[in-house]
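Before any comments, here is the structure.
In the numbering used here, the protein residues as written are 1068 to 1191.
Next comes the structure, spelled out in structure tokens:
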């Protein structure tokens, strides 16, 4: 049975609250635009944090935003260390979250299937 690590979860929640504000106020990279932090996962020894984000736009914008975030990760980590009361702040790894896009695709497929089903007479 896997152990539950509530401290790592609390740290992840705090990082998820702090990062959007830091990115909006402190990061001056033009590649990093409007984004949403969807989830943060911190491993149990709190050395690494995987930050999932999503943006509006195409693949080129996602890639550019990812590059900007990776470039600013050290700066964001140092800013988090000033805001959080931790001995060590986890190293940040940014990952583009495709779950929102996938959800939109699935919703469109369901709507298409329902519309197609409505066009056909009911089988009895």
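We treat Cβ as the ideally placed atom computed from N, Cα and C, and that holds for glycine.
Model, not experiment: these values are computed from the prediction.
Bridge-paired residues (DSSP) for residue i
{"i": "residue 1162", "result": "1119"}
Selection from the options that minimises the alpha carbon distance to residue i
{"i": "residue 1121", "options": "1154, 1113, 1106", "result": "1106"}
{"i": "residue 1125", "options": "1188, 1180, 1168, 1185", "result": "1168"}
{"i": "residue 1128", "options": "1142, 1101, 1148, 1151", "result": "1101"}
{"i": "residue 1157", "options": "1095, 1093, 1142, 1103", "result": "1142"}
{"i": "residue 1145", "options": "1093, 1104, 1110", "result": "1093"}
{"i": "residue 1164", "options": "1108, 1097, 1138", "result": "1108"}
Separation of residue j from residue i, as counted between CA atoms
{"i": "residue 1161", "j": "residue 1154", "result": "22 Å"}
{"i": "residue 1099", "j": "residue 1086", "result": "13 Å"}
{"i": "residue 1185", "j": "residue 1173", "result": "18 Å"}
{"i": "residue 1083", "j": "residue 1171", "result": "23 Å"}
{"i": "residue 1175", "j": "residue 1182", "result": "10 Å"}
{"i": "residue 1095", "j": "residue 1180", "result": "45 Å"}
Coil, strand or helix - residue i by DSSP
{"i": "residue 1073", "result": "helix"}
{"i": "residue 1167", "result": "helix"}
{"i": "residue 1175", "result": "helix"}
{"i": "residue 1187", "result": "coil"}
{"i": "residue 1124", "result": "coil"}
{"i": "residue 1154", "result": "coil"}
Tell me the start and end of each unbroken alpha helix (DSSP H) in the segment 1078 to 1120 that is at least 4 residues and wholly inside, in chain order.
none
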